[in-house]
Amino acid sequence: MAFFERLRAGLDKTRKNFTDKIAALVSGSAAINEDFYEELEALLVMADVGVNTTGKLIEAIRAAVKRREVTEPDQVLPFLRAYVSERLGEGVARTKISGTPTVILVVGVNGVGKTTTIGKLGHYYSLLGYKVMFAAADTFRAAAADQLAIWGERAKATVVRQAEGSDPAAVVFDALQSAKAKQADILFIDTAGRLQNKANLMEELRKIHRVIKREIPDAPHETLLVLDATTGQNALNQAKVFQEVADVSGVVLTKLDGTAKGGIVVAIKEEIGIPVKWIGVGEGVMDFRPFEPEEFVKALFDKE
Ligand SMILES: Nc1nc2c(ncn2[C@@H]2O[C@H](COP(=O)(O)OP(=O)(O)O)[C@@H](O)[C@H]2O)c(=O)[nH]1
Ligand SMILES: [Mg+2]
Numbered sequence: 001m002a003f004f005e006r007l008r009a010g011l012d013k014t015r016k017n018f019t020d021k022i023a024a025l026v027s028g029s030a031a032i033n034e035d036f037y038e039e040l041e042a043l044l045v046m047a048d049v050g051v052n053t054t055g056k057l058i059e060a061i062r063a064a065v066k067r068r069e070v071t072e073p074d075q076v077l078p079f080l081r082a083y084v085s086e087r088l089g090e091g092v093a094r095t096k097i098s099g100t101p102t103v104i105l106v107v108g109v110n111g112v113g114k115t116t117t118i119g120k121l122g123h124y125y126s127l128l129g130y131k132v133m134f135a136a137a138d139t140f141r142a143a144a145a146d147q148l149a150i151w152g153e154r155a156k157a158t159v160v161r162q163a164e165g166s167d168p169a170a171v172v173f174d175a176l177q178s179a180k181a182k183q184a185d186i187l188f189i190d191t192a193g194r195l196q197n198k199a200n201l202m203e204e205l206r207k208i209h210r211v212i213k214r215e216i217p218d219a220p221h222e223t224l225l226v227l228d229a230t231t232g233q234n235a236l237n238q239a240k241v242f243q244e245v246a247d248v249s250g251v252v253l254t255k256l257d258g259t260a261k262g263g264i265v266v267a268i269k270e271e272i273g274i275p276v277k278w279i280g281v282g283e284g285v286m287d288f289r290p291f292e293p294e295e296f297v298k299a300l301f302d303k304e
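Residue numbers (our numbering): 1 to 304.
Okay, here's the thing in structure tokens:
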């Protein structure tokens, strides 16, 4: 299946939960009145667009109605489509690969798809001809480094690891030395994400940061926060915490396949202000993609 078809299929449930319901509301409404706004608001909140973002969308529609750009209910969906497309497009520029190595720190809570994402991204950049390395700085579980090693083989990436329980910052130090010596183009750093203890998480990430800065002052060049789309509003809360403890420059939104909560893409950009840069739509190595707002909006809003 071509990627766009997979994206569309992945967004089937979101489309049913979002676009189709709005379309039904629109075709069942004779006029844009307070009842209409109220029902639309409820639909948006239920589609995980988020309360604040829903408020902004409703305000935008009210303003458009006032300007008489929108006069009939059936103009609301095209208006929303254009608005979302415009807003999602801001700041999505992806990491520039320059400097030896470009360091990409990957953070997020357990199970969201950090290791998988690194595997996919590593494979992607290997195919483009870059020399890729992985640092297994999730030393909390032995299985984490094993899992990264398997992805390393698939992605043709060298994996730097140490024994279970060793200091994550020491792994990062090793990996940076090795990446410089071997002239790697990109170093991905996999981390553990134990959010239960915010103080520990903060301390661990701060230490990793210090080690990176000491070796390469302008690194990390990107800090990617991985969020699981199926967790809906919870993902928003995680984003708020990680933004406090790390300087997040982009979001990777995983598991967009088969979730009805795809509206979260809009909420992340509007409420946290961090652009979504990559999306994951499955467990396979090719099941991900640079986030293209127009493509996303097309898959979400358009019938075919
Ligand atoms: N369906 C689906 N599963 C995913 C996606 N990304 C990761 N996973 C799965 O989510 C689970 C946890 O992923 P993992 O990379 O180990 O998460 P980590 O703990 O953050 O490193 C694994 O079973 C992955 O195969 C995705 O985009 N779609
Ligand atoms: Mg992991």
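A virtual CB, placed ideally from N, CA and C, is assigned to each residue, including glycine.
Going by DSSP in three states, residue i sits in which element: helix, strand or coil?
i    : result
R289 : strand
T116 : helix
V159 : strand
Q183 : coil
K66  : helix
L195 : coil
S166 : coil
V109 : coil
E271 : helix
E294 : helix
A175 : helix
A299 : helix
E90  : coil
A2   : coil
P59  : The residue you asked about is not Pro; residue 59 is Glu in the sequence shown. Helix at E59.
Report, in whole angstroms, the separation of the C-beta atoms of residue i and residue j, which I expect to be a contact under 8 angstroms.
i    : j    : result
L7   : I22  : Contact doesn't hold; Cβ gap of about 20 angstroms is too wide.
L253 : G282 : Rounded, the Cβ-Cβ distance is 13 angstroms, inconsistent with contact.
K198 : V241 : 7 angstroms
F3   : R289 : 6 angstroms
N17  : A235 : Not a contact, Cβ separation roughly 16 angstroms.
R194 : N110 : 7 angstroms
W151 : G129 : So it is not a contact: roughly 19 angstroms between Cβ atoms.
I216 : A239 : With a Cβ gap of about 26 angstroms, I216 and A239 do not count as contacting.
I97  : I32  : I97 to I32, Cβ: 48 angstroms. No contact.
D257 : G10  : 4 angstroms
E271 : T53  : 6 angstroms
A142 : E164 : 4 angstroms
W278 : F291 : 6 angstroms
V132 : A184 : 7 angstroms
R154 : V285 : 6 angstroms
F301 : T14  : Not quite, the Cβ-Cβ distance comes to about 11 angstroms (not below 8 angstroms), so this is no contact.
From the DSSP output, which residues share a beta bridge with residue i?
i    : result
G280 : F288
I104 : F188, E222
T95  : Answer is none; T95 lacks a bridge partner.
Using beta carbons (cut-off 8 angstroms, strictly below), is residue i in contact with chain D?
i    : result
K298 : Within the model displayed, chain D is absent; a lone protein chain is all it includes.
### Task
Enumerate, from N- to C-terminal direction, the unbroken beta strand (DSSP E) stretches of 3 or more residues contained entirely within the segment 123-152.
132-137
### Message
Check whether the segment 135-150 and the segment 170-177 are in contact - that is, three or more C-beta pairs closer than 8 angstroms.
### Response
yes
### Query
Are the segment 113-133 and the segment 71-83 touching, with three or more C-beta to C-beta distances below 8 angstroms?
no
### Message
Counting beta carbon pairs with one atom in the segment 197-209 and one in the segment 146-156, are three or more of them shorter than 8 angstroms?
### Response
no
### Message
Extract the residue ranges of the beta strand (DSSP E) inside the segment 8-56, only unbroken runs of 3 or more that lie entirely within it.
### Response
none
### Contained beta strand (DSSP E) runs [length at least 3] in the segment 200-265, N- to C-terminal order
222-228, 250-254
### Query
Okay, do the segment 216-230 and the segment 97-112 touch, 3+ Cβ pairs below 8 angstroms being the bar?
yes
### Query
Does the pairing of the segment 256-264 with the segment 33-49 give three or more beta-carbon distances under 8 angstroms?
yes
### Query
Three or more beta-carbon pairs under 8 angstroms between the segment 88-101 and the segment 226-237, yes or no?
no
### Query
Can you find at least 3 beta carbon pairs, one from the segment 150-166 and one from the segment 60-78, that sit closer than 8 angstroms?
no
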